[in-house]
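This report concerns only the one structure given below.
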Amino acid sequence: MALSLYLDDDDPWIIEQKIFDILNDYLQPKSNITVAAAAQSIDNLFPVNRQDDEEKEDPGSFLWHLWGRFHRTAQQIPHAHPAQDKLAALIKCLRSFPSRVPVVYLSSWDAEYKLWEDLPLLGPTFQEEWDVIGLTDQEECQRNRNLNAYAARIFRDGSANLELFAIRALAAALEGRAVYRHAHATAPQIEASFTPGLELDSLVSIAADWVAHCGEILLALSRKGVSSSRDHGGPLWGKKQGFSLERWGLWKERFAEISRTAHINEETKRLAQGTRRVMDELEKSC
Numbered sequence: 352m353a354l355s356l357y358l359d360d361d362d363p364w365i366i367e368q369k370i371f372d373i374l375n376d377y378l379q380p381k382s383n384i385t386v387a388a389a390a391q392s393i394d395n396l397f398p399v400n401r402q403d404d405e406e407k408e409d410p411g412s413f414l415w416h417l418w419g420r421f422h423r424t425a426q427q428i429p430h431a432h433p434a435q436d437k438l439a440a441l442i443k444c445l446r447s448f449p450s451r452v453p454v455v456y457l458s459s460w461d462a463e464y465k466l467w468e469d470l471p472l473l474g475p476t477f478q479e480e481w482d483v484i485g486l487t488d489q490e491e492c493q494r495n496r497n498l499n500a501y502a503a504r505i506f507r508d509g510s511a512n513l514e515l516f517a518i519r520a521l522a523a524a525l526e527g528r529a530v531y532r533h534a535h536a537t538a539p540q541i542e543a544s545f546t547p548g549l550e551l552d553s554l555v556s557i558a559a560d561w562v563a564h565c566g567e568i569l570l571a572l573s574r575k576g577v578s579s580s581r582d583h584g585g586p587l588w589g590k591k592q593g594f595s596l597e598r599w600g601l602w603k604e605r606f607a608e609i610s611r612t613a614h615i616n617e618e619t620k621r622l623a624q625g626t627r628r629v630m631d632e633l634e635k636s637c
């Protein structure tokens, strides 16, 4: 069955249309386009590589549109669909692709980057997408999960350092919430209990995907005690930012609590129980 992707713009920039067409053709289940061929097509679109007389855009503008299209396409691909792995494989291939432009200067950042080795602007564009997507309805929850599953694969492959988003996903699902009970409250109350519903189901599934795709890496970072200055942990943690075995243990216990809590969706409880089991097995095997 064909993968149904769409360009969410009624009047797209012609280059973004071409980027979408490359991704759409490559990601289809029966596509015979190799990952190297798709990477070559993308490199050919880089401004100075295009063989036309049109005025060329700034490299930073091209890269911002390129990665934005990758991220928004990922949101349309179901979290367990093989096309998720194909998209991650394309990014991994690009990272080692010998571009005709080995170094690019990005004026907005006043810095030079290796193209494609540094995957310039992938991180900032992902941050922008991650910040704006929410959990307001079933469709948005699914897009959110798809985006995180894609990020977990990129991190798993060593293509980009997205560990911060792993922490944020696990913290959002498992580290409680700070709640102001009324308008005049001067301090929040820590809410450790789990509230059944769509938001919890989505947060747990996203956290579970991070463990499923790169749990071994997360455990290794926890054992090393790798810190993260941009970590927004939940109130049940509130200690050193970043990874630690103590925090890994908190995540395990919270998954177990979810699996034992009444009134939570049964599928969510099974997923939490299975993820706790995966974490236990990783501790034994890694």
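Numbering of the sequence shown is given in this note's numbering, commencing with residue 352 and proceeding in unit increments. All C-beta atoms in this analysis are idealised placements derived from N, C-alpha and C, irrespective of residue type, glycine included.
key: Which of helix, strand or coil DSSP assigns to Q655   = The first residue shown for the chain is 352 and the last is 637, placing residue 655 beyond what the model contains.
task = Would you kindly check if the distance between the Cβ of P475 and the Cβ of K465 is under 8 Å?
result = no
key: Contact belief for P586 with G548 at Cβ below 8 Å, rounded distance in angstroms   = Not quite, the Cβ-Cβ distance comes to about 20 Å (not below 8 Å), so this is no contact.
request  = On a CA-only basis, which of Q426, G509, I541, F506 is nearest G485? Give me that one, please.
outcome  = Q426
query = What distance in whole Å lies between the Cβ atoms of S573 and R598, which are believed to be in contact at a cut-off of 8 Å?
reply = 7 Å
query = Does the distance from the C-beta atom of L438 to that of I393 stay below 8 Å?
reply = no
query = Quick one: Cα of H583 to Cα of A353, how far?
reply = 39 Å
request  = Give me the Cα-Cα distance between R605 and K369, rounded to the nearest whole angstrom.
outcome  = 45 Å
message = Just to confirm the assignment, what range does the beta strand (DSSP E) spanning Q540 have?
response = 540 to 542
key: K465, enclosing beta strand (DSSP E) - first and last residue   = 462 to 465
inquiry  = Give me, in chain order, the residues of the same chain whose beta-carbon lies closer than 8 Å to that of D360; leave out the 5 immediate sequence neighbours on both sides.
reply    = E367
key: L445 - containing beta strand (DSSP E), residue span   = It is not in any beta strand (DSSP E) - L445 instead sits in the alpha helix (DSSP H) that spans 433 to 446.
key: Span of the beta strand (DSSP E) around V577   = Careful: V577 lies outside any beta strand (DSSP E) and carries neither H nor E.
query = In its own chain, which residues sit with a C-beta less than 7 Å from the C-beta of L555, not counting the 5 before and 5 after it?
reply = The sequence given here places Val at residue 555; Leu does not occur at that position. A524, I609, T619, L622, A623.
ask   = How would you write the range of the alpha helix (DSSP H) that R496 sits in, first residue to last?
value = 489 to 507
request  = Please report how far the alpha carbon of V629 lies from the alpha carbon of A500, in whole angstroms.
outcome  = 17 Å
query = Cα separation between I408 and A563?
reply = The question names Ile, yet the displayed sequence has Glu at residue 408. Taking the straight line from one Cα to the other gives about 40 Å.
Residue burial classification, I541 (beta-carbon count within 10 angstroms, cutoff 16) = exposed
request  = State the Cα-Cα distance for the pair C565 and A558, rounded to the nearest angstrom.
outcome  = 11 Å
ask   = Any idea what DSSP makes of R611, helix, strand or coil?
value = helix
query = So, using beta-carbon positions, are I505 and L551 closer together than 8 Å?
reply = no
query = With DSSP run on the structure shown, which of helix, strand or coil describes R581?
reply = coil
request  = On a CA-only basis, which of R423, R611, P429 is nearest F477? Give me that one, please.
outcome  = R423
request  = Whole angstroms is fine: what's the gap from P429's alpha carbon to Q435's?
outcome  = 8 Å
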